[in-house]
């Protein structure tokens, strides 16, 4: 299988015929799955810590090509959809992972399913679950520490320069952190958060999320807290809300539990006269293709139940349900039943259900069939 074709597939440039060819090849052997995973993971890790302002897809591809693909591979044309398909889907496939630390000579092997902290200087720390270590800034000063299942940063009012860290959580795991202003964040599987080590005085607090996260924002009546979720921004003073903004999903969702938030897009800018205001018990959906925001009342517990290890889906396409199962269980799911991909379903599986039970429930209620081979699940 040609690397060039695999890279096109990762970006979403391949035809249906090429998709079928590549997916058959991935399923053919465990070695093929591992090779594809290495290519996809290396590309994603080269770019996940950068915001859109810092890194265009042209730069992302150049970094990837220089490290992982022979120079003869041609450069692909930049389009609006490239970022969506090529961005941070680091942990969709679970096999051996290798990342590259620019601060050290040679390659650093990372344990499978590692939680990763990338510092402002590019160095990488493997975060052991329930472990303990001190978080250092670029000068070597302690700015936080790990307390078991959480990173906690401390406030330092003497800082005058913004430094960003990125915490990336793989499929099958979640992790928590407390930012230097006291804001609590719970990251779901396959998600990452880029945030300042220290927020600066007289500057709005801004972070960047890819994937899903629950926020309890520390109240500050003077400085807004802004969550950037790709093309959608959530501005608050102090509140609790859930953000779901996986790069591969067409819709970004904001569910407000407490307080109030103001939503604005990159295209329209932050204009109080046209921003969308969200009230508690409501969900806002931003369609990336249509660039419109809709709202409706919801049961917020359903949308935040993942924090307790539960699986619940409401009016969700089978395509998105399978994506969530991939992230939750750290498996590969290949859907050969395209007829049901866009159909919408409701399901509630409770707390930490066994994957086999979930698949059997889908089979019993919705008529699908499946086959499990190692970590690869094929839906018929």
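Residue numbers (the working numbering): 478 to 857. Where is the CB? At the ideal position from N, CA and C, for every residue including glycine.
Q. Are the Cβ atoms of residue 734 and residue 718 separated by less than 8 Å?
A. In the chain shown, the residue the question calls residue 734 occupies position 257. In the chain shown, the residue the question calls residue 718 occupies position 241. In this structure, residue 718 lies closer than 8 Å to residue 734 by Cβ.
Q: Mark residue 764 as exposed unless 16 or more other C-beta atoms lie within 10 angstroms of its C-beta, in which case mark it buried.
A: Working through the chain shown from its first residue, we reach residue 764 at position 287. By the Cβ-count criterion, residue 764 is exposed, with fewer than 16 other Cβ atoms from all chains shown falling within 10 Å of its own Cβ.
(Q) Could you check whether residue 701 and residue 675 sit closer than 8 Å to each other, using their CB atoms as the reference points? (A) What you label residue 675 is simply residue 198 of the chain shown in a count that begins at 1. What you label residue 701 is simply residue 224 of the chain shown in a count that begins at 1. Taking the C-beta atoms as reference points, residue 701 is found no nearer than 8 Å to residue 675.
**Q.** Supposed close pair residue 738, residue 713 - CB separation, criterion 8 Å
**A.** Here residue 738 refers to the residue found at position 261 of the chain shown. Here residue 713 refers to the residue found at position 236 of the chain shown. Contact holds; Cβ gap of about 5 Å.
**Q.** Per-residue DSSP class, three states only, for residue 787
**A.** Within the chain shown, numbered from 1, the residue matching residue 787 stands at position 310. In the three-state reduction of the DSSP assignment, residue 787 falls in the strand class, which pools E and B.
Q: Provide the residue(s) that pair with residue 662 in DSSP beta bridges, ordered along the chain.
A: Locating residue 662 in the chain shown gives position 185, where the first residue counts as 1. 654 and 692.
Q.
Extract the residue ranges of the beta strand (DSSP E) inside the region 716–804, only unbroken runs of 3 or more that lie entirely within it.
A. 717–722, 728–735, 738–742, 753–755, 759–764, 769–774 and 787–794, all fully within the region 716–804.
Q) Secondary structure at residue 627, three-state DSSP: helix, strand or coil? A) Position 150 of the chain shown, counting from 1, holds the residue named residue 627. Here residue 627 carries a strand assignment [DSSP, helix/strand/coil].
Q: Would you be able to state if there are at least three C-beta pairs under 8 Å between the region 659–670 and the region 606–614?
A: Taking 8 Å as the limit for Cβ pairs, the verdict is that the region 659–670 does not touch the region 606–614.
Q. Between residue 818 and residue 626, what straight-line distance do the alpha-carbon atoms span, to the nearest angstrom?
A. Counted from its first residue, the chain shown places residue 818 at position 341. Counted from its first residue, the chain shown places residue 626 at position 149. Distance between residue 818 and residue 626, taken at the CA atoms: about 35 Å.
Q) Near residue 847, what residues of its chain come up, given a Cβ to Cβ distance below 7 Å and the 5 sequence neighbours on each side ignored? A) To locate residue 847, count along the chain shown from 1; it is residue 370. Counting only Cβ-Cβ distances below 7 Å, and skipping sequence neighbours, we find 836, 840, 854, 855, 856 and 857.
Q: Just grab the DSSP bridge partners of residue 712 for me.
A: Locating residue 712 in the chain shown gives position 235, counting from the first residue. DSSP lists 703 and 739 as partners of residue 712.
Q) What do you reckon, is the C-beta of residue 705 under 7 Å from a heavy atom of the ligand HEM? A) Among the ligands in the structure shown, none appear at all, so the ligand HEM cannot be discussed.
Q.
Quick test of the definition: if touching needs 3 or more C-beta pairs under 8 Å, does the region 772–782 touch the region 794–812?
A. With the cut-off at 8 Å, the region 772–782 and the region 794–812 do not touch.
Q. Buried or exposed: where does residue 673 fall if 16 or more other Cβ atoms within 10 Å of its Cβ makes it buried?
A. What you label residue 673 is simply residue 196 of the chain shown in a count that begins at 1. By the neighbour-count rule (16 or more Cβ atoms within 10 Å), residue 673 is buried.
Q.
With H, G and I counted as helix, E and B as strand and the rest as coil, what does DSSP make of residue 682?
A. For the purposes of this step, residue 682 is taken as the residue at position 205 of the chain shown. DSSP places residue 682 in the strand class (E or B) of the three-state scheme.
**Q.** Buried versus exposed, by CB contacts within 10 Å (16 or more), residue 635
**A.** Position 158 of the chain shown holds residue 635. Counting C-beta atoms within 10 angstroms of its own C-beta, residue 635 has fewer than 16 neighbours from the protein chains shown and is therefore classed as exposed.
Q: Measure the C-alpha to C-alpha separation of residue 597 and residue 603 and round it to an integer number of angstroms.
A: As a first step, residue 597 is located in the chain shown; it is residue number 120 there, counting from the start. As a first step, residue 603 is located in the chain shown; it is residue number 126 there, counting from the start. Our two residues, residue 597 and residue 603, have alpha carbons roughly 15 Å apart in a direct line.
Q: Quick one: grab the DSSP three-state call for residue 484.
A: Translated into the one-based positions of the chain shown, residue 484 becomes position 7. DSSP places residue 484 in helix when its eight states are reduced to three.
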